[in-house]
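Scroll down for the structure; my scribbles are underneath it.
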Amino acid sequence: MTPTVRPPNMPLAPVNPDGAELYYEDTGAPQGSDVYKTLILLHGAVFHSAVFRPMLQFAAQHNLRLVALTLRDYPGSTPYTSEEIAALKGDKDSQTNMIKDRGNELAAFLAWFIQKERIPPLSTSFDQDEAAKRADGGLAVLGWSWGNCIMLSLLAHAGELPASQQDTLGKYLRTCIIFDVPLFPWGVPLPTEDGPWNPMSNPNIPPERANEIFLPWVTGYFAHSESALASFEALSSEDILAGLALTSIPDPAPEWQSTQQRMSAEQYAEITDPSVMERSHHLMQNIHHEVYKENTRHALRDAIALPHVRAVLVWCDMSVGETVYAAWHLAHDVANAWSPDGRKVEFKRFRGANHFPHWDQPERTLSLLSEIL
1 MTPTVRPPNM
11 PLAPVNPDGA
21 ELYYEDTGAP
31 QGSDVYKTLI
41 LLHGAVFHSA
51 VFRPMLQFAA
61 QHNLRLVALT
71 LRDYPGSTPY
81 TSEEIAALKG
91 DKDSQTNMIK
101 DRGNELAAFL
111 AWFIQKERIP
121 PLSTSFDQDE
131 AAKRADGGLA
141 VLGWSWGNCI
151 MLSLLAHAGE
161 LPASQQDTLG
171 KYLRTCIIFD
181 VPLFPWGVPL
191 PTEDGPWNPM
201 SNPNIPPERA
211 NEIFLPWVTG
221 YFAHSESALA
231 SFEALSSEDI
241 LAGLALTSIP
251 DPAPEWQSTQ
261 QRMSAEQYAE
271 ITDPSVMERS
281 HHLMQNIHHE
291 VYKENTRHAL
301 RDAIALPHVR
311 AVLVWCDMSV
321 GETVYAAWHL
331 AHDVANAWSP
341 DGRKVEFKRF
351 RGANHFPHWD
361 QPERTLSLLS
371 EIL
């Protein structure tokens, strides 16, 4: 396994028998609280766990413990081996096992962290003031953007985990938050070649041009049709696509300036690793779509394992059109093709948010997440 160069005293968690480790940043338990909730944050592509740092300072005021986890192949965590990279280039079974292993590593991290830190378990009580049940303690996982591929893999294969891990997660895991997810984690091919899609997925855009326009695109604010957003779940695919803006707001007012414009070059360098695109991310994004489709079905529609775990999809209504369409797609599935025994999925619109609200609006974002938990 390729050694990882790390600064001294970095917190690391062992996650597989081959010695792979994940780096994480932890706010620690809120002072004086015995029944806090823990939220594990999974980053997206290029932007690693440091992108969540603006939110960390607000954790204690919401009685939350935040843990920003750096996934494999990103700075501080173990790179993928040559065999793991080869699996991404292999047949569907090889790709399935490679993605499954990443979900298993997340499960291993959760079980390890729960036991090491002795976080409070999930408990329920009756709130007399609200005349309703109240859940305290426990742990939730948030997958942002591409990070949902890893979170859904965990849920999809949780029934195959060692019995001790299944038992631990059953007592602690409460909620999975699907945060502004793009389309490919659903395993759904793009419905049209041209549309509000990631420029790196558009066959009509040369790769060098796609790399150039990706950052302005993904960090912008988009003024989608309010009538389309307001009647979200009732629309056809054609109708929702017609209401999605293809370009971000031109000459934006200060509140709609892109995240890229709000970020210094030093900040961008500190929270990103663009080299991962060529190394592994393009491969992970372009594996056989059935791999992700089956994971989504097992994780959400079938809900065979950990059926008590809530799923909440948060969609940011000024984000790129692809994530709005992805939210519509799952809402349409839940309304029209869901198993009666499927996992309960809730939908939460985040108004005035682009794809990076945890950076642009960290306090407001954590307030929303606290309400969900």
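Just so you know, full-length UniProt numbering puts 28 at position 28 of the sequence shown, and the rest follows in order with no gaps.
We treat Cβ as the ideally placed atom computed from N, Cα and C, and that holds for glycine.
For clarity, every value in this text was computed on a predicted model and none was experimentally measured.
Endpoints, beta strand (DSSP E) assigned at residue i
| i | result |
| --- | --- |
| Y24 | 21 to 26 |
| A68 | 64 to 69 |
| P14 | 12 to 14 |
| A305 | Run containing A305: none; DSSP gives neither H nor E here. |
Residue burial classification, residue i (beta-carbon count within 10 angstroms, cutoff 16)
| i | result |
| --- | --- |
| G220 | buried |
| H308 | exposed |
| T192 | exposed |
| N336 | exposed |
| R118 | exposed |
| Q31 | exposed |
| T247 | exposed |
| V35 | exposed |
| S367 | exposed |
Host alpha helix (DSSP H) of residue i (start-end)
| i | result |
| --- | --- |
| F47 | From DSSP, F47 is part of no alpha helix (DSSP H); its letter is neither H nor E. |
| H358 | 357 to 360 |
| K100 | 92 to 117 |
| M284 | 282 to 285 |
| M263 | Run containing M263: none; DSSP gives neither H nor E here. |
| residue 396 | The question about residue 396 has no answer here: the residues shown for the chain are numbered 1 through 373. |
Residue i in three-state terms, based on DSSP
| i | result |
| --- | --- |
| I178 | strand |
| S258 | coil |
| E346 | strand |
| G143 | strand |
| R297 | helix |
| S248 | coil |
| T38 | strand |
| S164 | helix |
| V320 | coil |
| L122 | coil |
| D18 | coil |
| A135 | strand |
| T219 | coil |
| V314 | strand |
For residue j and residue i, believed in contact at Cβ under 8 Å, the rounded distance
| i | j | result |
| --- | --- | --- |
| M10 | G76 | 6 Å |
| P357 | F350 | 6 Å |
| G159 | I249 | About 45 Å separates the two Cβ atoms, so there is no contact after all. |
| T323 | V181 | 6 Å |
**OP:** Count the C-beta pairs between the segment 174 to 191 and the segment 209 to 217 that are closer than 8 Å, then say yes if the count reaches three, no if not.
**Re:** no
Subject >> Inter-stretch contact (C-beta, 8 Å, three-pair minimum) for the segment 137 to 152 and the segment 253 to 263 >> reply: no
Original post:
Hey, is the segment 99 to 115 in contact with the segment 64 to 83, meaning 3+ C-beta pairs nearer than 8 Å?
Top reply: yes
Original post:
Does the segment 217 to 236 come close enough to the segment 311 to 318 to have 3 or more Cβ pairs within less than 8 Å?
Top reply: Segments in contact, yes.
Original post:
Below 8 Å, can you find three or more Cβ-Cβ pairs linking the segment 74 to 91 to the segment 277 to 291?
Top reply: Yes: at least three Cβ pairs fall under 8 Å.
Original post:
So does the segment 196 to 210 actually touch the segment 164 to 171, counting three or more Cβ pairs closer than 8 Å?
Top reply: no
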